[in-house]
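Undergrad: Quick one: structure below, then a few questions.
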Ligand SMILES: *Cc1c(COP(=O)(O)O)cnc(C)c1O
């Protein structure tokens, strides 16, 4: 059987059926039903954020958050990094904005805050950094830059469920932060996501945009889209949230074993992270000393039915779709994207399998 990079965490079948029984009884399938409202409260409480909105998936959340901040089609530029899932950049471009790619730091693969200011022009309207692999960006410096130049800060926190920085949940930073609840992320609602907002008015604009712009039975305030989370997804979230701490604990053991076995090798560098942050153990990226070694390890693992992934390769600005707009010097992002492999990591991954994966990786490096 193939071992994939991740495996969705799912509740007991009977537990989920019990939860959706209430949907069948009440016949409320979507449009902010009772389970949606319940999940929203549970998450608000968990994240300690004031203005949180659920949505059908993280990507739509990010797109509509940019619009809710008033940036759609304003002709502006948004500083972001190419070392991410293509969704981040697509959300910028699909809002009629121009991405300006800033390079990343080799240490934790988040945006290099010291390179942001040089990219600011009179068209810059926002900074959209990514807490990649759940590694927090330098939120303090980024906010200082944004304040100095009057820019919005929107975080792609898709990977950062439950990560905190300075004892504060990561979703409390920036003007908006999107977290994904996709099946492959740490906490899932099948597909889904949430966005937190600093300003309650922006949050209510977002809420309106996720519901076609409709604000009442006979009123529409804006030309919205449809980004609502339905009751079946909310039910999955309510089941999964009960198990999340135990699942994270299991992934932590996997990560600890990987670190023990791989951290000392001369051809391997593991990701660092900034001080005073907590981990969620969703991704385990490994950086190899040469591109050839990365590719060889990738292939050898595959030959052994272990499907590690090249997250993130290529860098977004190296995709065909971005060749017209992607010409910025992001040498480190390109370099890391050719050197990285993300190893399998999920709560049900046996430690024996982790040892086997490490044996294969170290065997190639010998
Ligand atoms: C998963 C992901 C998204 C999109 O989230 P979905 O919930 O899958 O729509 C955006 N950005 C990053 C970095 C992601 O990994």
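Residue numbers (our numbering): 17 to 382. Using N, Cα and C, we set each Cβ at its ideal position, and we do this for glycine too. Just so it is clear, the structure is predicted and the values come from calculations on it, not from any experiment.
#1: For ligand 1, is there a heavy atom less than 6 Å away from the beta-carbon of residue 328?
#2: If distances are taken between C-alpha atoms only, which option among 174, 295, 377 comes closest to residue 100?
#3: Residues near ligand 1, CB to any non-hydrogen atom under 6 Å, in chain order?
#4: Of all the options 94, 298, 63, which has the alpha carbon lying nearest to the alpha carbon of residue 183?
#5: Under the assumption that residue 264 contacts residue 22 (Cβ atoms under 8 Å), give the Cβ distance between them as a whole number of angstroms.
#6: Let me check understanding here. Comparing Cα to Cα, which of 20, 270, 339 lies closest to residue 368?
#7: With three or more C-beta pairs closer than 8 Å as the rule, is the region 350-364 touching the region 324-332?
#8: Which two residues bound the contiguous beta strand (DSSP E) that contains residue 69?
#9: Suppose you measure from the CA of residue 348 to the CA of residue 98; what does that come to, to the nearest Å?
#10: Looking only at DSSP bridge pairs, what is residue 282 linked to?
#11: Please classify residue 166: is it buried, with 16 or more other beta-carbons within 10 angstroms of its beta-carbon, or exposed?
#12: Among 29, 70, 306, which has the Cα closest to the Cα of residue 246?
#13: In whole angstroms, what separates the C-alpha of residue 371 from that of residue 19?
#14: Under the rule that 16 or more other beta-carbon atoms within 10 Å means buried, what is residue 190, buried or exposed?
#15: Going straight from the alpha carbon of residue 108 to that of residue 149, what length do you get?
#16: Go ahead and pull the three-state DSSP assignment for residue 20.
#17: Do you know how far the Cα of residue 218 is from the Cα of residue 238?
#18: Would you kindly report the start and end of the unbroken beta strand (DSSP E) that includes residue 95?
#19: Quick check: what's the CA-CA separation for residue 278 versus residue 68?
#20: Beta carbon of residue 135, beta carbon of residue 118: below 7 Å?
TA: So, from the listed chains and residues:
#1: The residue you call residue 328 lines up with position 312 of the chain shown. Result no, Cβ not under 6 Å from ligand 1.
#2: The residue labelled residue 100 in the question sits at position 84 within the chain shown. Comparing alpha carbon positions, the residue from 174, 295, 377 closest to residue 100 is 174.
#3: Having a Cβ closer than 6 Å to some heavy atom of ligand 1 are 73, 74, 75, 100, 101, 103, 104, 146, 172, 174, 175, 196, 198, 209.
#4: Stepping through the chain shown from its first residue, residue 183 is reached at position 167. Out of 94, 298, 63, 63 has the C-alpha closest to the C-alpha of residue 183.
#5: Within the chain shown, residue 264 is the residue found at index 248, counting from 1. Within the chain shown, residue 22 is the residue found at index 6, counting from 1. At roughly 14 Å, the Cβ-Cβ gap does not stay under 8 Å, so residue 264 and residue 22 are not in contact.
#6: The residue labelled residue 368 in the question sits at position 352 within the chain shown. Just measuring C-alpha positions, the residue of 20, 270, 339 sitting nearest residue 368 is 270.
#7: At 8 Å Cβ cutoff, the stretches touch.
#8: Along the chain shown, read from residue 1 onward, the residue named residue 69 stands at position 53. In the DSSP annotation of this structure, the continuous segment of the beta strand (DSSP E) that includes residue 69 starts and ends at 67-71.
#9: Against the chain shown, residue 348 aligns to sequence position 332. Against the chain shown, residue 98 aligns to sequence position 82. One C-alpha to the other measures close to 10 Å.
#10: The sequence position of residue 282 within the chain shown is 266, counting from 1. Beta-bridge partners of residue 282 (DSSP): none assigned.
#11: For this step, residue 166 is matched to residue 150 along the chain shown. Residue 166 should be labelled exposed.
#12: One-based indexing of the chain shown puts residue 246 at position 230. For the residues 29, 70, 306, the minimum Cα distance to residue 246 belongs to 70.
#13: Start at 1 with the first residue of the chain shown, and residue 371 comes out as number 355. Start at 1 with the first residue of the chain shown, and residue 19 comes out as number 3. One Cα belongs to residue 371, the other to residue 19, and the distance between them is close to 13 Å.
#14: The residue labelled residue 190 in the question sits at position 174 within the chain shown. By the neighbour-count rule (16 or more Cβ atoms within 10 Å), residue 190 is buried.
#15: If you number the chain shown from 1, residue 108 lands on position 92. If you number the chain shown from 1, residue 149 lands on position 133. Computed Cα separation, rounded: 20 Å.
#16: The residue you call residue 20 lines up with position 4 of the chain shown. Three-state result, residue 20: strand.
#17: Residue mapping note: residue 238 aligns to position 222 of the chain shown, counting from 1. Residue mapping note: residue 218 aligns to position 202 of the chain shown, counting from 1. C-alpha of residue 238 to C-alpha of residue 218: approximately 13 Å in a straight line.
#18: Here residue 95 corresponds to residue number 79 of the chain shown, with the count starting at 1. Per DSSP, the unbroken beta strand (DSSP E) holding residue 95 starts and ends at 93-96.
#19: Walking along the chain shown from the start, residue 278 turns up at place 262. Walking along the chain shown from the start, residue 68 turns up at place 52. A straight-line Cα-Cα distance of about 39 Å links residue 278 and residue 68.
#20: For the purposes of this step, residue 135 is identified with residue 119 of the chain shown, where counting begins at 1. For the purposes of this step, residue 118 is identified with residue 102 of the chain shown, where counting begins at 1. Yes; because the gap between Cβ atoms is below 7 Å, this pair is in contact.
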